[in-house]
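This report concerns only the one structure given below.
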Amino acid sequence: MPHGIISRRRRLLPAVLIAVAWLLPAHDICAEPAIFWASDPVKPGQTVQMTGIDLAGFETVDITRVPDTSGSAVSGARAARPAQVLARSDNTFAFVVPADMEPGVFSATLRGASRALVVPLNLPDVYWAQGDRGKAASPGGWLRLSGRNIAITGKAVVRLAASGRDDVEVEIAVERPDIWSATFHLPEKLSAATYRIRLWNGHGDASAWRDAGEIEVLPPASVDRAKMELSSSHPDNRTNDDTARINAALSALARRGGGELLLRAGIYRLGGPLTIPDGVSLKGESRDLVTLMWKDLENPPDALVSGFRDFSIADLTINADRHFHIIKGGFATDPTGVDGGNITIRAVVIRASSFMGRLEPDEPGRRLEAMRQRTKTGAVGLLLAGSNIVVEDCDVLTSMRPFVLTRAFGARLTGNRFHIGRRGWYSIAAPDGVLFENNHLIGADLQGSGGGINTLVGSSARNVLMRGNRFESMFAWDREAMTSDGPGGFYRGPIAMQADGRIRIDPAGLGTLKERNWQGAGLFVLKGRGLGAVARVTGRTGDLIALDRDLTDLTDGSSRVTIVPMQENFLIIDNAFEDVGSAQIFGTGHGHVFAGNRSLRSSGFAAVSLDYRHPQPNFYIQFLGNETLSAGFRRSAEIAGIGRQFKGNDTLLTFGLVIRDNRLRAASSIRVNGGSAAIPAVRGVLIEQNRIENTDIGIEVGPGVDELILRDNAMRHVQVPLKRP
Numbered sequence: 030m031p032h033g034i035i036s037r038r039r040r041l042l043p044a045v046l047i048a049v050a051w052l053l054p055a056h057d058i059c060a061e062p063a064i065f066w067a068s069d070p071v072k073p074g075q076t077v078q079m080t081g082i083d084l085a086g087f088e089t090v091d092i093t094r095v096p097d098t099s100g101s102a103v104s105g106a107r108a109a110r111p112a113q114v115l116a117r118s119d120n121t122f123a124f125v126v127p128a129d130m131e132p133g134v135f136s137a138t139l140r141g142a143s144r145a146l147v148v149p150l151n152l153p154d155v156y157w158a159q160g161d162r163g164k165a166a167s168p169g170g171w172l173r174l175s176g177r178n179i180a181i182t183g184k185a186v187v188r189l190a191a192s193g194r195d196d197v198e199v200e201i202a203v204e205r206p207d208i209w210s211a212t213f214h215l216p217e218k219l220s221a222a223t224y225r226i227r228l229w230n231g232h233g234d235a236s237a238w239r240d241a242g243e244i245e246v247l248p249p250a251s252v253d254r255a256k257m258e259l260s261s262s263h264p265d266n267r268t269n270d271d272t273a274r275i276n277a278a279l280s281a282l283a284r285r286g287g288g289e290l291l292l293r294a295g296i297y298r299l300g301g302p303l304t305i306p307d308g309v310s311l312k313g314e315s316r317d318l319v320t321l322m323w324k325d326l327e328n329p330p331d332a333l334v335s336g337f338r339d340f341s342i343a344d345l346t347i348n349a350d351r352h353f354h355i356i357k358g359g360f361a362t363d364p365t366g367v368d369g370g371n372i373t374i375r376a377v378v379i380r381a382s383s384f385m386g387r388l389e390p391d392e393p394g395r396r397l398e399a400m401r402q403r404t405k406t407g408a409v410g411l412l413l414a415g416s417n418i419v420v421e422d423c424d425v426l427t428s429m430r431p432f433v434l435t436r437a438f439g440a441r442l443t444g445n446r447f448h449i450g451r452r453g454w455y456s457i458a459a460p461d462g463v464l465f466e467n468n469h470l471i472g473a474d475l476q477g478s479g480g481g482i483n484t485l486v487g488s489s490a491r492n493v494l495m496r497g498n499r500f501e502s503m504f505a506w507d508r509e510a511m512t513s514d515g516p517g518g519f520y521r522g523p524i525a526m527q528a529d530g531r532i533r534i535d536p537a538g539l540g541t542l543k544e545r546n547w548q549g550a551g552l553f554v555l556k557g558r559g560l561g562a563v564a565r566v567t568g569r570t571g572d573l574i575a576l577d578r579d580l581t582d583l584t585d586g587s588s589r590v591t592i593v594p595m596q597e598n599f600l601i602i603d604n605a606f607e608d609v610g611s612a613q614i615f616g617t618g619h620g621h622v623f624a625g626n627r628s629l630r631s632s633g634f635a636a637v638s639l640d641y642r643h644p645q646p647n648f649y650i651q652f653l654g655n656e657t658l659s660a661g662f663r664r665s666a667e668i669a670g671i672g673r674q675f676k677g678n679d680t681l682l683t684f685g686l687v688i689r690d691n692r693l694r695a696a697s698s699i700r701v702n703g704g705s706a707a708i709p710a711v712r713g714v715l716i717e718q719n720r721i722e723n724t725d726i727g728i729e730v731g732p733g734v735d736e737l738i739l740r741d742n743a744m745r746h747v748q749v750p751l752k753r754p
């Protein structure tokens, strides 16, 4: 077919439209077309892939480049250019931006016999806002906006308007251009208030400003805090025990309303746990000068150091033999209680090994089992929960797991070195707003695995930036350097719209997670009217489900949905993967981007949708500008989009997949597979402008892939450029 398009549905389009005209109720035929997603960022000469509803009636596209004027005026009439249409159906539309246009913000007008639809491209799509105090910020601090098309040029600005105060508005220039996550430094004298955020990304006119949520600016933190100092016991002796006097000093500071305990240079011997009260900081002179040494305990405490909220640990080293958790913070005593927060761990070195000494051959196994018995998933170096968690410039090596974040809202982990121990893996569980940047994760044991982002303890995991990290030497389990995880689901089946905008579900379709809190879960329309629509659950009362958007005009009796733990808005950017398995999405995914990553002796990058104890789809995933340098361990590398169709399922699983501008240098392929030719699991795939070299198969298309566009891919020293059924 022309343009490298593979599309069974396109050939059937006229018959399908006639059938729809006869069968759909009149109100559905007259409903307005809608766009659910457009595949930006997009440059001239590249393809825009759109999904939506009632799109088959559009036949042509005109596109204009919007002038760059950030003022209050919207630019006037502009010359429109026709764009080449590559494919269209009721739910998809694809066209090429003319190659000779100037990069920037575009306005595309889809035209049909009697209607038109305007779709902007390359506007800011802000996934979340985060400040130097987590979900809040401080005067003189910073604001981070993360998503797509954030700050395309150095002219990008934000406007902050104080809620309820028309007289307070400030405009702030971006620190530097960054299309994925940009920083804006706040003025020192910015008033404490809640501010509405508006963003202009450096391209487009006044119509290109976009809302970016809110940020609360808090008053500056008090610097008038009590301080105490302790010196180490002299002379140092293995029989010393400084536990009681350190705890006493921490408690004394708490009675004074909080403060800082400074440990002077030396070795501090401990035989029990330290508890840091709310509002208290534990600080050493430096991590090389101050060492806390725990005695080898037959029955170590649950955590060597613990706190709940408003505490910090900085500038010291922790040594331990047998152990469970090292630092634990943010967990309420009552398991049903609210998490803590405002926890900072900075410049801390942890060296903890339960396998020290000349052990009998079976003793390491017994010690490992003891750690797993205490905590099923293993002992953890940093076990933290809650809001505004900061971990910076730390070096963590423990017997098993380096860190676990649980229900982290507005967290920041930067510049750390995490060693993964025996049967260890890291975890970011049920987050909302995490900046994970410039960290080094390395397998310290050949039984050490990787880790990732998951919904094992919640109904959603969203808004995570993983950028500039190095993942190295992970050889155990599935070797997943970065994966998503979270089996099960809440519901699958039809929905019935209610007058108040809620939906009614059929109890027969309830899933394995039906007893869990549904708030934050994701609803995906997998079949019928509204295919491609996504919504978040805001509440449940029996069989009635409240959503964050009204689906009344987008769905009908033909619609089939799945409701699953929502995993959305992961930005996996500029990371290095070396001697590891895949960096991947496994199960539910929505709006994720893998861009600028590098894979060496690793398995590559993948998005896998499947029946993971419930139908778990991938919608709107993009792989942009990644690089594979070699084969992985015992297999070739790949960039893959997989829909594992399963018995009894009649819906798709992957919808809207872009694989563009990647460089596959050796022993690597691009692979898409939908499992079943009879019931395709994958639909709406764009594979464009990739360069593939020195391999057996360039692009492999398996069965069950519908509406595939292959365009401008270059092959060099490839035996089979395109393999398909």
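Okay, so the sequence shown: first residue is 30 according to my numbering, each after it adds one.
The C-beta atom is built at its ideal place from N, Cα and C for all residues, glycine as well.
As the structure is a computational prediction, the values presented were derived from the model and not from experiment.
Would Leu290 and Met257 be called neighbours here (beta carbons separated by less than 9 Å)?
yes
Three-state secondary structure assigned by DSSP to Ala550
coil
Go to Glu200, then tell me how far its beta strand (DSSP E) extends in each direction, as first and last residue.
198–202
Where do the N-terminal and C-terminal ends of the beta strand (DSSP E) with Ala666 fall, by residue?
In the DSSP assignment, Ala666 falls within the unbroken beta strand (DSSP E) covering 666–672.
Those residues which DSSP pairs with Tyr641 across a bridge
Paired residues: none, contrary to the question.
Between the Cα of Ser478 and the Cα atoms of Pro460, Ser502, Ala67, Gly369, which residue gives the shortest distance?
Among Pro460, Ser502, Ala67, Gly369, the Cα nearest to that of Ser478 is on Ser502.
For Thr182 and Val125, which I take to be in contact (beta-carbon distance under 8 Å), what is that distance rounded to the nearest angstrom?
Not confirmed; about 24 Å, so no contact.
Taking only three categories from DSSP, how would you classify Ala399?
helix
Do the segment 227–241 and the segment 172–180 make contact, defined as three or more Cβ pairs closer than 8 Å?
With contact defined as three or more Cβ pairs closer than 8 Å, the segment 227–241 and the segment 172–180 are in contact.
I need the straight-line Cα distance from Gly366 to Met400, nearest angstrom please.
Approximately 25 Å between the Cα atoms of the pair.
Thinking just about the alpha-carbon of each residue, which of Leu345, Gly394, Tyr455 is nearest to the one in Ala376?
Selected option, being the one with the closest Cα: Leu345.
Just the C-alpha distance for Trp157 and Arg565, rounded to the nearest angstrom, thanks.
15 Å
With DSSP collapsed to three states, give me the class of Ala235.
helix
If you reduce the DSSP assignment to three classes, tell me which class Arg380 lands in.
Annotated three-state conformation of Arg380 is strand, per DSSP.
Beta-carbon gap between Pro127 and Ala137 smaller than 9 Å:
no
What three-state label does DSSP hand Thr570 in the structure shown?
strand
For Asn483, which beta-bridge partners are listed by DSSP?
For Asn483, which the question treats as bridged, DSSP gives the partners Ala458, Asp514.
On the DSSP bridge assignment, give the partners of Lys357 in chain order.
Ser335, Leu412
Limits of the unbroken alpha helix (DSSP H) element including Leu282
272–284
Taking 9 Å as the threshold (C-beta atoms), are Asp97 and Val134 in contact?
yes
Bridge-paired residues (DSSP) for Gln75
Answer is none; Gln75 lacks a bridge partner.
Report buried or exposed for Gln613, applying the criterion of at least 16 other Cβ atoms within 10 angstroms of its Cβ.
buried
Cα separation between Ala537 and Tyr520?
9 Å
Mark Pro754 as exposed unless 16 or more other C-beta atoms lie within 10 angstroms of its C-beta, in which case mark it buried.
exposed
Local Cβ density within 10 Å of Lys312, reported as buried at 16 or more and exposed below that:
With 16 or more other Cβ atoms within 10 Å, it is buried.
Residue span of the beta strand (DSSP E) that contains Trp66, given as start and end
Residues 63–67.
Could you have a look at Pro750 and say whether DSSP puts it in helix, strand or coil?
strand
Helix, strand or coil for Pro762 per DSSP?
A question about residue 762 goes unanswered here, because the residues of the chain that appear run from 30 up to 754.
Should the segment 371–389 be called in touch with the segment 329–345, which here means at least 3 C-beta pairs below 8 Å?
Under the Cβ criterion (8 Å, minimum of three pairs), the segment 371–389 counts as touching the segment 329–345.
Does the structure place the segment 580–595 close enough to the segment 511–530 that three or more beta carbon pairs sit under 8 Å?
yes
Is it buried or exposed for Asn702, if we count other Cβ within 10 angstroms and need 16 for buried?
Buried, by the Cβ-count rule.
So, for Asp741: in the same chain, excluding its five sequence neighbours on each side, which residues have a beta-carbon less than 7 Å away from its beta-carbon?
Glu717, Gln718
Range of the contiguous beta strand (DSSP E) that encloses Asn647
647–653
Buried or exposed for Pro709, please, with buried defined as at least 16 other CB atoms from any protein chain shown within 10 angstroms of its CB.
Buried is the call here.
Just tell me which of Leu494, Phe360, Asp577 has its CA closest to the CA of Asp207.
Leu494
Let's test the definition: count the other Cβ atoms within 10 Å of the Cβ of Arg689 and tell me whether it reaches 16, buried, or not, exposed.
buried
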